[in-house]
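Just below is one structure, and these are the notes that go with it.
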Amino acid sequence: MRLYRLPQATGIDSLTQAEADIPQPGRGQVLVRMHAASLNYRDLMIVNGRAARGAPPANLIPLSDGAGEVVSVGPEVSRVKPGDRVAGCFMQSWIGGPIGPDDAASSMGGAIDGVLAEYRVFDQNGLIPLPAHLSYEQGATLPCAGVTAWNALFGGQTLYPGDGVLVLGTGGVSVFALQLAVAAGLTVVATSSSDDKLERMRRLGATHLVNYRQHPEWQDQVVTLTGGGVARVVEVGGPGTLARSIAATRQGGEIGMIGALTTGGEINPVTAMRKGLIMRGIYVGSRQMFEAMNRAITAHRIEPVIDRVFPFEHAAEAYRHQTGQTHLGKVVIRIAG
Ligand SMILES: NC(=O)c1ccc[n+]([C@@H]2O[C@H](COP(=O)([O-])OP(=O)(O)OC[C@H]3O[C@@H](n4cnc5c(N)ncnc54)[C@H](OP(=O)(O)O)[C@@H]3O)[C@@H](O)[C@H]2O)c1
Numbered sequence: 001m002r003l004y005r006l007p008q009a010t011g012i013d014s015l016t017q018a019e020a021d022i023p024q025p026g027r028g029q030v031l032v033r034m035h036a037a038s039l040n041y042r043d044l045m046i047v048n049g050r051a052a053r054g055a056p057p058a059n060l061i062p063l064s065d066g067a068g069e070v071v072s073v074g075p076e077v078s079r080v081k082p083g084d085r086v087a088g089c090f091m092q093s094w095i096g097g098p099i100g101p102d103d104a105a106s107s108m109g110g111a112i113d114g115v116l117a118e119y120r121v122f123d124q125n126g127l128i129p130l131p132a133h134l135s136y137e138q139g140a141t142l143p144c145a146g147v148t149a150w151n152a153l154f155g156g157q158t159l160y161p162g163d164g165v166l167v168l169g170t171g172g173v174s175v176f177a178l179q180l181a182v183a184a185g186l187t188v189v190a191t192s193s194s195d196d197k198l199e200r201m202r203r204l205g206a207t208h209l210v211n212y213r214q215h216p217e218w219q220d221q222v223v224t225l226t227g228g229g230v231a232r233v234v235e236v237g238g239p240g241t242l243a244r245s246i247a248a249t250r251q252g253g254e255i256g257m258i259g260a261l262t263t264g265g266e267i268n269p270v271t272a273m274r275k276g277l278i279m280r281g282i283y284v285g286s287r288q289m290f291e292a293m294n295r296a297i298t299a300h301r302i303e304p305v306i307d308r309v310f311p312f313e314h315a316a317e318a319y320r321h322q323t324g325q326t327h328l329g330k331v332v333i334r335i336a337g
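Each step along the sequence shown adds one to the number in the working numbering, with nothing skipped, and position 200 is 200.
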């Protein structure tokens, strides 16, 4: 089979195509023919040696997010059967409840091998069926960006229809958050550096639009547009946006602390304290959250937004496209078909 490896994480040029024998599933394991994978900002950090965990293991197979078809199963497998269409969970060991101390060590494409390969063996517990209406390419967008957005919206305080949700920028997590929030009857404020992208966010259901480049004090607009601030921020910006996100949140609201797209900035905790805000750390989510999200995606026939699909041979181009931040939603690599 063909696969990619990262001999060392020294940049996109270090992505190396290789060949290996097709692995065989052991007890409780499942062999999946991978059809598609998708990229996340995290994958850029990993390939550039800037991941939070430090340098990845040598010769890592990259990417956490993929979907494919079950080819064969080992003894004692009951959760899936050959022919099933499945996606892998971002953290292979996190089934439900709060994240455990060892779950991060099972994150694919970072701590352990990922999915940018024609075949991969999974533990049966690390797989989940794809919603029937989704293609493999659409299914491959779900495990990290989708589940993170779901967790930020529905893993914390209860949100009610009509509550305001702020999504920052138009990357993978933010576009999923928009789609899931709209399906739940929430009112979405979307920000972007691009008016064209904002128009696309409007078409996807955003009620209020703010260009953060034209309006550097965008938090003031969010407060005005929502009559006092949002109930939830899907905070993918990090150090450079958090103070503004706090200002854009209403009394008693919640901020899902997700990303670090920006640097700099200073936070005054007193502001969050006086508003009674909940600042909730999000680390993707569990398999149970993934299952709950898939029920919502199925019920509302949500279609993930794919910006562009690259062939397997051009995986490095997909990484470059993701780096350029001209995308809206997800960047996908087709592995088979
Ligand atoms: N904690 C977790 O479990 C978790 C899970 C997934 C992602 N993340 C993190 O969340 C962040 C987003 O990930 P992703 O994969 O969705 O990224 P992505 O698809 O690469 O998103 C890139 C987009 O972010 C927007 N952006 C950049 N700088 C911004 C700023 N100053 N203010 C507002 N928006 C800005 C831009 O949108 P416009 O072009 O529209 O301006 C850009 O196109 C990353 O930091 C990632 O590491 C964390």
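Quick reminder that beta carbons are idealized off the backbone N, C-alpha and C, glycines included. Just so you know, these numbers come straight off a predicted model, no measurement behind them.
Can residue 194 be considered in contact with ligand 1, in the sense that its beta carbon sits closer than 7 angstroms to one or more heavy atoms? Residue mapping note: residue 194 aligns to position 194 of the sequence shown, counting from 1. Flag set: Cβ of residue 194 near ligand 1.
Which first and last residues belong to the alpha helix (DSSP H) in which residue 41 is found? Residue numbering aside, residue 41 sits at position 41 when the sequence shown is read from its first letter. Run containing residue 41: 41-47, per the alpha helix (DSSP H) assignment.
Pick from 117, 190 and 140 that is closest to residue 128, judged by C-alpha positions: Numbered from its first residue, the sequence shown carries residue 128 at position 128. With distances taken between Cα atoms, residue 128 lies closest to 140.
In whole angstroms, what separates the C-alpha of residue 65 from that of residue 221? Along the sequence shown, read from residue 1 onward, the residue named residue 65 stands at position 65. Along the sequence shown, read from residue 1 onward, the residue named residue 221 stands at position 221. Going from the Cα of residue 65 to the Cα of residue 221 covers about 35 angstroms.
Taking 7 angstroms as the line, does the beta carbon of residue 238 fall inside it for any heavy atom of ligand 1? Counting from 1 along the sequence shown, the entry for residue 238 is found at position 238. Flag set: Cβ of residue 238 near ligand 1.
Report the option in 270, 122, 290 and 279 whose CA atom is closest to the CA atom of residue 22. Indexing the sequence shown from 1 puts residue 22 at position 22. Out of 270, 122, 290 and 279, 122 has the C-alpha closest to the C-alpha of residue 22.
Please tell me whether residue 17 and residue 2 are closer than 8 angstroms, where the distance is taken between their beta carbons. One-based indexing of the sequence shown puts residue 17 at position 17. One-based indexing of the sequence shown puts residue 2 at position 2. Their beta carbons are under 8 angstroms apart, which means residue 17 touches residue 2 by this criterion.
Which ranges does the alpha helix (DSSP H) cover as unbroken runs of at least 4 residues, wholly within the region 239-327, from first to last along the chain? 242-247, 269-275, 287-299 and 315-324
According to DSSP, residue 6 sits in a beta bridge with which residue or residues? Numbered from 1 along the sequence shown, position 6 holds the residue referred to as residue 6. In the DSSP output, where bridge partners are listed per residue, residue 6 has 60.
Alpha-carbon to alpha-carbon, residue 286 and residue 95: Taking the first residue of the sequence shown as 1, we reach residue 95 at position 95. Taking the first residue of the sequence shown as 1, we reach residue 286 at position 286. Straight across, the Cα-Cα distance linking residue 95 with residue 286 is about 5 angstroms.
Other residues of its chain near residue 338: CB distance less than 8 angstroms, five sequence neighbours each side excluded: The first residue shown for the chain is 1 and the last is 337, placing residue 338 beyond what the model contains.
For residue 279 and residue 256, what's the separation of their Cα atoms in angstroms? Reading the sequence shown from its first residue, position 279 is the one you call residue 279. Reading the sequence shown from its first residue, position 256 is the one you call residue 256. One alpha carbon belongs to residue 279, the other to residue 256, and they sit about 6 angstroms apart.
Is the closest heavy atom of ligand 1 to the C-beta of residue 89 under 7 angstroms? Here residue 89 refers to the residue found at position 89 of the sequence shown. Not so, every heavy atom of ligand 1 lies at least 7 angstroms from the Cβ.
Which residue or residues does DSSP assign as beta-bridge partners of residue 160? In the sequence shown, residue 160 corresponds to position 160, counting from 1. Per DSSP, none; premise fails for residue 160.
Express the C-alpha separation of residue 113 and residue 11 in angstroms, rounding to a whole number. Taking the sequence shown and counting its residues from 1, the one referred to as residue 11 is at position 11. Taking the sequence shown and counting its residues from 1, the one referred to as residue 113 is at position 113. About 18 angstroms.
What residue does the alpha helix (DSSP H) around residue 201 start on, and which one ends it? Walking along the sequence shown from the start, residue 201 turns up at place 201. Here the alpha helix (DSSP H) through residue 201 covers 195-203.
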